[in-house]
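All the letters of the sequence shown, read from the start, carry residue numbers 58 to 286 under my numbering. Quick reminder that beta carbons are idealized off the backbone N, C-alpha and C, glycines included. Below is one structure, written out as structure tokens; the observations come after it.
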Amino acid sequence: MNYTYLLINLAVIFFPLVLSFDKKVHFFSKWKFIFPAILITGVVFLIWDMLFTKLNVWSFNPDYLIGINLMGLPLEEMLFFLTVPYACVFIYECLNAYFPKNHLQKYSLAVSNLFLGLCVAMLFFGYSKWYTFINFGFLLLVLGYVEYVNVKFRFMYKFYRAYFVSLIPFYIVNGFLTAIPVVMYNNKENLGFRVGTIPFEDHFYLMGLLLMNVFLYEVFKAKANRSVV
């Protein structure tokens with residue numbers, strides 16, 4: 058079915074978009090912060106995506122695509138960088154609104170250090186594999202910057218909660234994409250370890266994608282609050 062990837066994109070964003078008008082979360086009022094964050098992050102990940110497609114790190118099954126390609130990528134793949142970040146930041150804001158108490162605050166730095174250590178280890182063991190090297194290298198840079206350079210505001214304890222919750226829809230959506238498969242991976246360019254049909258690296262690809270979006274989202278919100286004051 059050549060609408061499969063498109064329908065998956067629509068399913069990902071449907072409920073977050075409809076529920077954006079929830080009175081407690083009021084997410085639609087924050088679109089002026091989220092969409093610039095998605096745009097900037099999307100440019101970075103689209104360049105990454107185009108490079109990996111050319112290097113045959115991954116490819117797309119034409120049987121499940123509508124056939125519209127832009128800059129060498131399926132339209133559905135480009136929409137992925139809109140629908141998934143929107144849905145994940147919506148989860149982030151919902152959790153912050155409905156569950157303001159967050160016990161991860163005391164442990165977020167320790168969790169970050171564990172992930173930073175994992176990134177270093179994966180770079181050591183997977184330096185010869187494109188997906189492993191770029192994926193964990195990117196996460197190392199972004200996470201290190203957010204945790205140790207960005208000291209103006211702290212949000213990682215909120216981020217980790219949203220990330221762990223986002224793994225639930227991640228397993229559903231990415232499970233479909235990799236099981237059908239819509240997206241096909243060259244195992245020579247990754248560690249070859251999978252959770253079900255999902256490459257191990259994909260978990261941290263999601264983390265890097267979500268972290269960059271949330272960081273920029275929080276930056277734009279902070280700048281708007283300072284200008285009001």
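- Task: Identify, in the order they occur along the chain, each residue of the same chain with its Cβ nearer than 6 Å to the Cβ of S223, setting aside the five sequence neighbours on each side.
- Result: C145, I148
- Compute the Euclidean distance between the alpha carbons of M241 and T98, then round it to the nearest angstrom. 23 Å
- C-beta contact flag for F195 and G265 at 7 Å: yes
- On the premise that F277 lies in contact with A94, defined as a C-beta separation below 8 Å, what is that separation, rounded to the nearest angstrom? Contact flag correct, Cβ pair sits at about 6 Å.
- Message: Do L122 and N59 have their beta-carbon atoms positioned less than 7 Å apart in this structure?
- Response: yes
- Message: For K186, count the other beta carbons within 10 Å of its own beta carbon; 16 or more makes it buried, fewer makes it exposed. Which is it?
- Response: buried
- Task: Would you kindly work out how many angstroms separate the C-alpha atoms of K209 and L64, rounded to a whole number?
- Result: 40 Å
- Over what stretch of residues does the beta strand (DSSP E) that includes F117 continue unbroken? 115-117
- Task: Taking the CB atoms as reference points, tell me whether Y188 and N247 lie closer together than 7 Å.
- Result: yes
- Task: Return yes when the Cβ of L263 is within less than 7 Å of the Cβ of F221, no when it is not.
- Result: no
- Task: With DSSP as the reference, please indicate the residues paired to N170 in a beta bridge.
- Result: In the DSSP output, where bridge partners are listed per residue, N170 has none listed.
- Message: Threshold first: 3 residues or longer. Then list the beta strand (DSSP E) segments lying entirely within the stretch 96-133, N to C.
- Response: 115-117
- So, are the CB atoms of V230 and V75 less than 7 Å apart? In this structure, V75 does not lie closer than 7 Å to V230 by Cβ.
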